[in-house]
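Peer 1: Just so you know, we're using this note's numbering here: the first sequence kicks off at 299 and counts up by one.
Note that the Cβ used here is the ideal one computed from N, Cα and C, for glycine as well.
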Amino acid sequence: MTFSNLLIQWYLRNKRDLPWRNTNNPYPIWLSEIMLQQTRVAQGMPYFLSFTTVFPTVFDLAKADEEQVLKLWQGLGYYSRARNLHKTAQHVADELSGVFPGTYKDLLKLKGIGEYTAAAIASFSYNEVVPVVDGNVFRVLSRYFDIETDIAAASAKKEFAALAFELMPKDNPAIFNQAIMEFGALQCVPKSPNCGICVFNESCAALQKNKVDRLPVKSKKLKVRNRFFNYLVVNDEQGNTVIQKRTDKGIWHNLYEFPLIETEKVEDFDCITERIQKEFFTNNGIISIMECNEKSIIHKLSHQHLHIKFWKVNIKGTIENGIDVVTLRTFPFPIVIHNFIEKDL
DNA sequence: AACGCGGGGAT
DNA sequence: ATCCCAGCGTT
Numbered sequence: 299m300t301f302s303n304l305l306i307q308w309y310l311r312n313k314r315d316l317p318w319r320n321t322n323n324p325y326p327i328w329l330s331e332i333m334l335q336q337t338r339v340a341q342g343m344p345y346f347l348s349f350t351t352v353f354p355t356v357f358d359l360a361k362a363d364e365e366q367v368l369k370l371w372q373g374l375g376y377y378s379r380a381r382n383l384h385k386t387a388q389h390v391a392d393e394l395s396g397v398f399p400g401t402y403k404d405l406l407k408l409k410g411i412g413e414y415t416a417a418a419i420a421s422f423s424y425n426e427v428v429p430v431v432d433g434n435v436f437r438v439l440s441r442y443f444d445i446e447t448d449i450a451a452a453s454a455k456k457e458f459a460a461l462a463f464e465l466m467p468k469d470n471p472a473i474f475n476q477a478i479m480e481f482g483a484l485q486c487v488p489k490s491p492n493c494g495i496c497v498f499n500e501s502c503a504a505l506q507k508n509k510v511d512r513l514p515v516k517s518k519k520l521k522v523r524n525r526f527f528n529y530l531v532v533n534d535e536q537g538n539t540v541i542q543k544r545t546d547k548g549i550w551h552n553l554y555e556f557p558l559i560e561t562e563k564v565e566d567f568d569c570i571t572e573r574i575q576k577e578f579f580t581n582n583g584i585i586s587i588m589e590c591n592e593k594s595i596i597h598k599l600s601h602q603h604l605h606i607k608f609w610k611v612n613i614k615g616t617i618e619n620g621i622d623v624v625t626l627r628t629f630p631f632p633i634v635i636h637n638f639i640e641k642d643l
C-alpha cells in the first residue's frame, strides 16, 4: 500500500463534511481558503456561511464597500485578508468578467493569494497537479519521513512541496491535497497524537524512532511587545459618542476605535484625566471622568499584548461628529472593543 | 530572511 | 503559559 493510497483511504472514511468541499466553483473555494489562513475550521465556518449568504457571487462581494466587508469579517482577525479579498473580488469582477484565473501561476498574481492558496484553488477547482504545503503538510511529512528541516526556513517550503509532488497521484491531486491536510488536522495533530490507532503506525519514521513529539522542527519564536491603550468613551448630553478610523499602518488597519491615548505604562486616573483635559477638551466641557475597568483588559495578539482601559468621559452640550449607539454598532471594530460595546457600554 | 499581522482553541 | 491554526505582504 502506497502512502497516498493509504492516506486517501483514511480520508474517505474520516473526512468532515465541509460546505466548501461540495463544489468546484472557485469563488466559494477561494473564500474558504482566505478565511482559513492561520485559522481553524471551527472559527472560520460561521464567517464562510455569512459571506456566501450576503455575497453569493464574486460580483456581490465586488459591489460592497470595504467597510461592509470588514464588518462581516469582524472578529476573524488578520484584517488585511478582508481588504485583499475585497480588492481581488473587484479585480475579478471588473477586469476578468467574474472568471477566476484558471491556473496556479495566474492565481498567484492575485492579492492575498500566495503559494498555498493558489495550489489549493488550482487543485480543488481545476484538478491541477500542484501540492499544497501548509502547517498540516509540514507536520505529516516531517514525521512520516523523519525530516528535521527547520520549517521556518525559507527553503523548507520547496523541499516539502517537492516531496508532496512526488507522493501525490497525478490523476487526482485534489483528493490528495484534501486528505493530507485533513489527516494533519484530525489524526497527526501537533500535541499528543494518538499514534496507536494511526493507519501509518507501522511505517511512520518518527513513531519508530520515538520522536513524534519533536517534529516538525520549527525555530523562530517571536517576541511580544506590550502596549497600553486608554480609550475615551465620550458621552455627551445627547448620549452620543465619538469613534475614529485607524488609518495608519499596523494593527486593525481601517477598523474603528474610540479616541485613543497610548501610554508607555499603566497610567492612573490623574494622569489620564490631565491628558484628556489638555489634549481633548481644553475648554472645560468635562462633567466627569470615570474608569470603566479598574484592571486593564489584557488583549493578547500573537505579537502584541495590549493593556486596555476604557475611560467614560461625560461632557456638556453636543459633541461634533457624535454618533448614537445604534449607528455605532454598524461600524467594524476590533473584537476587544466590540465586546466592550456589547457588554459594558 | 525576518517581521508584522488576530483571535481563539487545545494542552 | 505556550503552541499553533488550509499564510501572505512588506521590508
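1) Report the residue from Ile419, Ala504, Asn538 whose alpha carbon sits nearest the alpha carbon of Pro326.
2) Using the beta-carbon count (16 or more within 10 Å), is Asp568 buried or exposed?
3) Return the CA-CA distance between Val564 and His605, expressed in angstroms with no decimal places.
4) Taking the Cβ atom as the reference point for each residue, do Pro630 and Gln372 lie within a distance shorter than 7 Å?
5) Going by DSSP in three states, Ser490 sits in which element: helix, strand or coil?
6) Return the first residue and the last residue of the beta strand (DSSP E) that Trp318 is part of.
7) Starting from Ile478, trace the alpha helix (DSSP H) both ways and give me its first and last residue.
8) Can you give me the C-alpha to C-alpha distance between Lys507 and Phe436, rounded to a whole angstrom?
9) Rounded to whole angstroms, what is the Cα-Cα separation between Lys593 and Glu457?
10) If we ignore side chains and look at the alpha-carbon of each, how far apart do Leu408 and Trp609 end up?
11) Examine the Cβ distances between the stretch 309-319 and the stretch 469-479 and report whether three or more of them are shorter than 8 Å.
12) Do Gly482 and Val438 count as a contact pair if the criterion is CB distance below 7 Å?
13) Express the C-alpha separation of Val356 and Leu394 in angstroms, rounding to a whole number.
14) Does the beta-carbon of Val522 have 16 or more other beta-carbons within 10 angstroms, so that it is buried, or is it exposed?
15) Pull up the DSSP beta-bridge partners for Ser501, would you.
16) Would you tell me roughly how many angstroms separate the C-alpha atoms of Pro471 and Ile559, rounded to the nearest one?
17) Over what stretch of residues does the alpha helix (DSSP H) that includes Ile596 continue unbroken?
18) Roughly how many angstroms separate the alpha carbons of Lys455 and Glu572, rounded to a whole number?
19) Tell me, please, which residues DSSP counts as bridged to Thr539.
20) Can the beta-carbon of Arg544 be found less than 7 Å from the beta-carbon of Leu530?
21) How far does the alpha helix (DSSP H) with Thr384 in it reach, from first residue to last?
22) Using a threshold of 7 Å, state whether the C-beta atoms of Ala380 and Leu368 are closer than that.
23) Which residue comes first and which comes last in the beta strand (DSSP E) that contains Trp609?
24) To the nearest angstrom, report how far apart Lys489 and Leu513 are at their CA atoms.
25) For a quick check, are the C-beta atoms of Cys493 and Leu505 less than 7 Å apart?
26) In the DSSP output, what is Phe527 paired with across the bridge?
Peer 2: Reading it off the structure:
1) Residue mapping note: residue 326 aligns to position 28 of the first sequence, counting from 1. Closest by alpha carbon: Ile419.
2) Taking the first sequence and counting its residues from 1, the one referred to as residue 568 is at position 270. Exposed.
3) Numbered from 1 along the first sequence, position 266 holds the residue referred to as residue 564. Numbered from 1 along the first sequence, position 307 holds the residue referred to as residue 605. Computed Cα separation, rounded: 8 Å.
4) As a position in the first sequence, residue 630 is number 332, starting the count at 1. As a position in the first sequence, residue 372 is number 74, starting the count at 1. Yes, these two residues count as a Cβ contact at 7 Å.
5) Against the first sequence, residue 490 aligns to sequence position 192. Coil, per DSSP.
6) Position 20 of the first sequence, counted from the first residue, corresponds to residue 318. Looking at the DSSP string, Trp318 is not in any beta strand (DSSP E), and its letter there is neither H nor E.
7) If you number the first sequence from 1, residue 478 lands on position 180. Per DSSP, Ile478 belongs to the alpha helix (DSSP H) from 471-484.
8) The count along the first sequence starts at 1 and reaches residue 507 at position 209. The count along the first sequence starts at 1 and reaches residue 436 at position 138. When rounded, the distance between both Cα atoms is 18 Å.
9) Within the first sequence, numbered from 1, the residue matching residue 593 stands at position 295. Within the first sequence, numbered from 1, the residue matching residue 457 stands at position 159. Cα-Cα distance, rounded: 48 Å.
10) For this step, residue 408 is matched to residue 110 along the first sequence. For this step, residue 609 is matched to residue 311 along the first sequence. Those two C-alpha atoms are separated by around 42 Å.
11) yes
12) Residue 438 sits at position 140 when you count from the first residue of the first sequence. Residue 482 sits at position 184 when you count from the first residue of the first sequence. Closer than 7 Å, so yes.
13) Mapped onto the first sequence, residue 394 falls at position 96. Mapped onto the first sequence, residue 356 falls at position 58. When rounded, the distance between both Cα atoms is 11 Å.
14) Here the question's residue 522 lines up with position 224 in the first sequence. Flag for Val522 reads exposed.
15) Residue numbering aside, residue 501 sits at position 203 when the first sequence is read from its first letter. DSSP output for Ser501 lists no bridge partner at all.
16) On the first sequence, residue 471 is found 173 positions in, with the first residue counted as 1. On the first sequence, residue 559 is found 261 positions in, with the first residue counted as 1. About 52 Å.
17) Here residue 596 refers to the residue found at position 298 when the first sequence is read from its first residue. Careful: Ile596 lies outside any alpha helix (DSSP H), inside the beta strand (DSSP E) at 595-598.
18) Counting from one through the first sequence, the residue named residue 455 turns up at place 157. Counting from one through the first sequence, the residue named residue 572 turns up at place 274. If you take the alpha carbons of Lys455 and Glu572, they lie about 53 Å apart.
19) Position 241 of the first sequence, counted from the first residue, corresponds to residue 539. Thr539 pairs with Ile621.
20) Taking the first residue of the first sequence as position 1, residue 544 is located at position 246. Taking the first residue of the first sequence as position 1, residue 530 is located at position 232. The answer is no: Cβ separation not under 7 Å.
21) If you number the first sequence from 1, residue 384 lands on position 86. Before going further, note that residue 384 is His rather than Thr in the sequence given. Taken as a continuous stretch (DSSP letters only), the alpha helix (DSSP H) holding His384 covers 378-393.
22) Translated into positions along the first sequence, residue 380 becomes position 82. Translated into positions along the first sequence, residue 368 becomes position 70. Yes, the Cβ-Cβ distance between Ala380 and Leu368 is below 7 Å.
23) By one-based count along the first sequence, residue 609 stands at place 311. From DSSP, the beta strand (DSSP E) with Trp609 extends over 602-613.
24) Walking along the first sequence from the start, residue 489 turns up at place 191. Walking along the first sequence from the start, residue 513 turns up at place 215. Each residue's alpha carbon lies about 10 Å from the other.
25) Sequence index remark: in the first sequence, residue 493 carries index 195 (1-based). Sequence index remark: in the first sequence, residue 505 carries index 207 (1-based). Against a cut-off of 7 Å, the Cβ pair of Leu505 and Cys493 comes out as a contact.
26) Numbered from its first residue, the first sequence carries residue 527 at position 229. DSSP output for Phe527 lists Glu560, Ile606 as bridge partner(s).
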